[in-house]
Amino acid sequence: MRGEYRYSVTYARYDRRGGALPPYVLQSDSELLGFMREIGVEISDAASTLGDLKLTGHASLHNVGLTNEQLRKYGLEEMGVLESVISYLST
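Numbering of the sequence shown is given in my numbering, commencing with residue 1 and proceeding in unit increments.
Structural data, given as C-alpha cells:
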C-alpha cells in the first residue's frame, strides 16, 4: 500500500570480523520507533533516524550495543555458513 514503509534492520558487531547477518523486519514507523526505544536509542536520535530513512532510504546508528539476549530476541545473531546459504537461496 502506498505510503506505508517496511524497515529491515541489521546489526554489525565491532568485536568480530563479521559474517552474514540476518535482518530484523519491522512493518511500520511505530514498530521501528518502538524497537529503537527498546534498544536504548534516545527519542531525538530515533526521530532523526526515521527522518533520514524517509529522505534517503537508509540510515545507520553507531555505537549501539546489544546484549546477547537482545540479539537472540530480534534474530540478529551472526549466521553460520550453512544458515547463510539457506537464507540466500530462500530469497
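Glycine included, each C-beta is placed from N, C-alpha and C at the ideal position.
Just so you know, these numbers come straight off a predicted model, no measurement behind them.
- With contacts defined by Cβ atoms closer than 8 Å, Ala46 and Leu33 form a contacting pair.
- Around the beta carbon of Ile43, a 10 Å sphere encloses fewer than 16 other beta carbons of the protein chains shown; the residue is thus reported as exposed.
- Setting aside the 5 residues that flank it on each side, Leu50 is surrounded in the same chain by Asp29, Leu32, Leu33, each with a C-beta closer than 7 Å to its C-beta; the list follows chain order.
- Setting aside the 5 residues that flank it on each side, Arg37 is surrounded in the same chain by Ile43, Ala46, each with a C-beta closer than 8 Å to its C-beta; the list follows chain order.
- For the 8 Å CB-CB criterion, Leu71 and Ile39 do not form a contact.
- When secondary structure is reduced to three states using DSSP, Leu55 falls in the helix class.
- Here the alpha carbon of Gly75 sits roughly 23 Å from the alpha carbon of Glu4.
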